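Trainee:
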Amino acid sequence: MTEPDRPGDARRDEEARLLLRVRGGDEHALEELYQRYSGALYSLAYQVTGGDRFAQDVVQEVFIAAWRDAARFDPARGSVGAWLFGLARHKAIDVLRRETTARRRAAPEADLELEVAPDDVDRDAWERMRRERVLEALRQLPEPQRVCVELAFFSGLTHVEVSEQLGIPLGTAKTRIRTGLLRLRDLLGDSLAEQPAGGGA
Amino acid sequence: MSHRRYLELAAGGALDDLEPDERTLLEQHLGECRSCRLGARDIGEVVTALGMATPRRAVPAGTWALILSAIREAPSGSSGSPVPPATR
């Protein structure tokens, strides 16, 4: 039996093929992925590291890693997008390790400006709509879960750091993050796999 | 262990927060359970959706050029190939 087709499968397959070409040494395929994801990856890295210099380093490291380690990507485990965001989060946390972050971590929620994007270079309405849907789902999470997910994802805190920051046991922090992600999956449902009309090309 | 518990592990895995024994449990189960495999894939999409929802800032000009010059010094697949060459 094969896995069922869903709306996002075409995009997912196309990007997996792009990464296969990257693996074969095709710079244009990497550039295509760069065009699709660099803006979001840079923005996430900026959010996590709180600095444009660091964020640029992260984006470079992500695409250089994607170039070198394309063979490590396993399409059965997830999409290229999820893989790139995972790499970015990892690299952003590495960057933070190398830098002093006391200032950034002083106010956990103060630097999360998820609802206002002062420097928003958003391209199309579809993307704005999709983003609004994600933010709305975040708002629907029970407060403790939302805070933990935001700290773990947008502030790039490790689970240990989340528990320390909030003064809660590590097990509680982990459970809130995991349960929060699952709840987001339920809230977002089929919209997770949607893509703009005409595909991403 | 229930499917729900495995999905919680998958959520932990999506943010790189699994103990080695948890990872082994998860991998084993995903290998044999299609519904959890799809669930895990959706959780990956949640991570992507969160990433795409980050307030946008403009990538500094010249970033791609820096990447291009770095990769031209390093051939693709230069590290971490899981398939060792079958020579002897």
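If you're matching them up, the sequences are chains A and B in order.
For the first sequence, position 48 matches number 48 in this note's numbering, and the numbering has no gaps at all.
For the second sequence, position 65 matches number 266 in this note's numbering, and the numbering has no gaps at all.
Note that the Cβ used here is the ideal one computed from N, Cα and C, for glycine as well.
Since the model is a prediction, treat every value here as computed from it, not as a measurement.
Secondary structure at residue 260 of chain B, three-state DSSP: helix, strand or coil?
Mentor: Position 59 of the second sequence, counted from the start, is the residue given in the question as residue 260 of chain B. Coil at residue 260 of chain B, not helix or strand.
Trainee: With H, G and I counted as helix, E and B as strand and the rest as coil, what does DSSP make of residue 213 of chain A?
Mentor: The displayed coordinates of chain A run from 1 to 201. Any statement about residue 213 of chain A would go beyond what the structure contains.
Trainee: Taking 8 Å as the cut-off, does the region 154–166 of chain A touch the region 135–143 of chain A (at least 3 CB pairs, one atom from each stretch)?
Mentor: No: fewer than three Cβ pairs fall under 8 Å.
Trainee: Could you spell out where the alpha helix (DSSP H) holding residue 225 of chain B opens and where it closes?
Mentor: Position 24 of the second sequence, counting from 1, holds the residue named residue 225 of chain B. From DSSP, the alpha helix (DSSP H) with residue 225 of chain B extends over 221–233.
Trainee: Out of A:149, A:192, A:181 and A:164, point me to the one whose CA is closest to residue 132 of chain A's CA.
Mentor: Position 132 of the first sequence, counting from 1, holds the residue named residue 132 of chain A. It is A:192.
Trainee: Got a sec: is the Cβ-Cβ distance from residue 215 of chain B to anything in chain A below 8 Å?
Mentor: On the second sequence, position 14 is the one that residue 215 of chain B refers to. Yes, contact with chain A.
Trainee: Between the Cα of residue 61 of chain A and those of A:93, A:36 and A:32, spot the shortest distance and give me the residue it belongs to.
Mentor: Residue mapping note: residue 61 of chain A aligns to position 61 of the first sequence, counting from 1. Of the candidates A:93, A:36 and A:32, the one whose C-alpha sits nearest the C-alpha of residue 61 of chain A is A:93.
Trainee: Check whether the Cβ atoms of residue 219 of chain B and residue 208 of chain B sit closer than 8 Å, and answer yes or no.
Mentor: In the second sequence, counting from the first residue as 1, residue 219 of chain B sits at position 18. In the second sequence, counting from the first residue as 1, residue 208 of chain B sits at position 7. Not in contact: residue 219 of chain B and residue 208 of chain B (Cβ atoms no closer than 8 Å).
Trainee: For residue 82 of chain A, decide whether its Cβ has a neighbour in chain B, counting only Cβ atoms nearer than 8 Å.
Mentor: If you number the first sequence from 1, residue 82 of chain A lands on position 82. Chain B contact via Cβ: present.
Trainee: Jot down the residue ranges of each uninterrupted beta strand (DSSP E) in the region 44–105 of chain A, minimum 3 residues, whole runs only, in chain order.
Mentor: Fully enclosed beta strand (DSSP E) runs of 3 or longer: not present.
Trainee: Quick one: list the residues of chain B neighbouring residue 52 of chain A, beta-carbon separation under 8 Å, in chain order.
Mentor: Here residue 52 of chain A refers to the residue found at position 52 of the first sequence. Those within 8 Å of residue 52 of chain A in chain B are 258 and 261.
Trainee: With residue 173 of chain A as the anchor, note down where its alpha helix (DSSP H) starts and where it stops.
Mentor: The residue you call residue 173 of chain A lines up with position 173 of the first sequence. Where residue 173 of chain A is concerned, the enclosing alpha helix (DSSP H) stretches over 170–188.
Trainee: Rounded to a whole number of angstroms, what is the C-alpha to C-alpha distance between residue 235 of chain B and residue 53 of chain A?
Mentor: Position 34 of the second sequence, counted from the first residue, corresponds to residue 235 of chain B. Position 53 of the first sequence, counted from the first residue, corresponds to residue 53 of chain A. Each residue's Cα considered, the two are about 42 Å apart.
Trainee: Can you tell me the Cα-Cα spacing of residue 35 of chain A and residue 13 of chain A, whole angstroms?
Mentor: As a first step, residue 35 of chain A must be located in the first sequence, where it is residue number 35. As a first step, residue 13 of chain A must be located in the first sequence, where it is residue number 13. Going by the C-alpha atoms only, they are around 17 Å apart.
Trainee: What residues of chain B sit near residue 168 of chain A, judged by a beta carbon separation below 8 Å?
Mentor: As a first step, residue 168 of chain A must be located in the first sequence, where it is residue number 168. The premise fails here: residue 168 of chain A is roughly 15 Å from chain B at the closest Cβ pair, so nothing lies under 8 Å.
Trainee: Tell me the rounded alpha-carbon separation between residue 176 of chain A and residue 273 of chain B.
Mentor: For this step, residue 176 of chain A is matched to residue 176 along the first sequence. For this step, residue 273 of chain B is matched to residue 72 along the second sequence. Approximately 43 Å between the Cα atoms of the pair.
Trainee: Quick one: measure Cβ to Cβ for residue 249 of chain B and residue 79 of chain A, integer angstroms, because I've assumed they're closer than 8 Å.
Mentor: Numbered from 1 along the second sequence, position 48 holds the residue referred to as residue 249 of chain B. Numbered from 1 along the first sequence, position 79 holds the residue referred to as residue 79 of chain A. Right, the Cβ-Cβ distance comes to about 6 Å (below 8 Å), so this counts as a contact.
Trainee: Under a CB-based cut-off of 8 Å, is residue 246 of chain B close to chain A?
Mentor: Indexing the second sequence from 1 puts residue 246 of chain B at position 45. Yes, its Cβ sits closer than 8 Å to a Cβ of chain A.
Trainee: Under 8 Å, Cβ to Cβ, is there at least one residue of chain A near residue 249 of chain B?
Mentor: For the purposes of this step, residue 249 of chain B is taken as the residue at position 48 of the second sequence. Chain A contact via Cβ: present.
Trainee: By how many angstroms is the C-alpha of residue 16 of chain A removed from the C-alpha of residue 264 of chain B?
Mentor: Along the second sequence, one-based indexing puts residue 264 of chain B at 63. Along the first sequence, one-based indexing puts residue 16 of chain A at 16. Cα to Cα, residue 264 of chain B sits roughly 23 Å from residue 16 of chain A.
Trainee: Given residue 178 of chain A, which residues of its chain have a CB within under 7 Å of its CB, disregarding the five upstream and five downstream residues?
Mentor: Here residue 178 of chain A refers to the residue found at position 178 of the first sequence. Same-chain partners within the cutoff: there are none.
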